[in-house]
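Going by UniProt numbering, the first residue of the sequence shown is number 1, and it counts up by one from there.
Every residue, glycine too, gets a C-beta built ideally from N, C-alpha and C.
Nothing here was measured: the structure is a model prediction, and the numbers come from that model.
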Amino acid sequence: MSEETIEYHWGKHHRTYVDNLNRQIDGTDLDGNSLEDTMVILYNKGDILPAFNNAAQAWNHDFFWESMKPGGGGRPSGELLKLIERDFGSLKKFLDEFKTAASAQFGSGWAWLAYKESRLDVGNVLNPLQSGEDKKLVVVKTPNAVNPLVWNYYYPLLTIDVWEHAYFIDFQNQRRDYISVFMDKLVSWDAVSSRLEQAKALIEEREREAERKSRDEEKPTSSEATPEIFSDSDADLDAE
């Protein structure tokens, strides 16, 4: 990725999203929230509010830059590699699926590797506690500014920007070449592994909180009357 691309992509596009968002939320209830919380609120469960695109694009670009490092690429290791091999069959199959998703995204958007819980995002549904095998790595693509973080139970681990401004200076319209260079020479597997551990920790906390809530709901409240229990001998005495 050339210096010209970075200056244009980060210095113009990314900076514009940040400046526009700051103007849109200045003096509102969102002012002072984290960027992540602001983005989720503005997504509004799919009924997107006006400032969402700037909030999400600011977040997406932060995540994108942090997905790379000089001299990146190569092979992941440790738990990340084990999960890739479990969920995709091999590292090669994962790379092929990720590159295909990024290439096939129609128009502007993003491709992602995410860690997904197997839960239903539906009201009045009890989601049972899961084993490690219930959670899996998935490849998804999203249009425009949308990212998996706004969907419940998805935890982004890696992304590539496939908006044309991300690659046109260096690769013209050869999106596939840009994707290959990104995965082969730029991706930071250290960052992806760190995000995986953070996602697992968040899920464990979420499950502990669900357990605590379930236990609290099962406890009788102080206002509930304790039923009076009589022994057989008590009944006999009353009968006399």
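Cα separation between K82 and V187? So the two alpha carbons sit approximately 18 Å from each other.
Using a 10 Å radius around the Cβ and a threshold of 16 neighbouring Cβ atoms, would you call P148 buried or exposed? That one is buried.
Provide the residue span of the beta strand (DSSP E) that contains G109, from first to last. Run containing G109: 109–116, per the beta strand (DSSP E) assignment.
Does the beta-carbon distance from Y154 to A104 come in below 8 Å? No, Cβ-Cβ distance for Y154 and A104 is not below 8 Å.
Compute the Euclidean distance between the alpha carbons of R116 and L21, then round it to the nearest angstrom. Position check: residue 116 holds Lys in this sequence, whereas Arg was assumed. The C-alpha of L21 is placed about 29 Å away from the C-alpha of K116.
Please report how far the alpha carbon of V181 lies from the alpha carbon of G109, in whole angstroms. Inter-residue distance for V181 and G109 is about 18 Å (C-alpha atoms, whole angstroms).
I'd like to know whether the C-beta atoms of T159 and W189 end up nearer to each other than 8 Å. Annotated as distal: T159 and W189, with beta-carbon spacing of 8 Å or more.
Measuring straight from C-alpha to C-alpha, what distance separates A199 and L95? For A199 and L95, the distance between alpha carbons rounds to 21 Å.
Should A101 and V139 be called a contact, given that it needs their Cβ atoms to be closer than 8 Å? Yes; because the gap between Cβ atoms is below 8 Å, this pair is in contact.
From G72, I203, A201, pick the residue whose C-alpha is nearest to that of M183; which is it? Nearest in C-alpha terms to M183, of all of G72, I203, A201, is G72.
So, with DSSP's three-state summary, where would you put L49? For L49, the secondary structure class from DSSP, reduced to helix, strand or coil, is coil.
Inspect the beta-carbon positions of F63 and P143 and report whether they are closer than 8 Å. Taking 8 Å as the Cβ cut-off, F63 and P143 do not qualify as a contacting pair.
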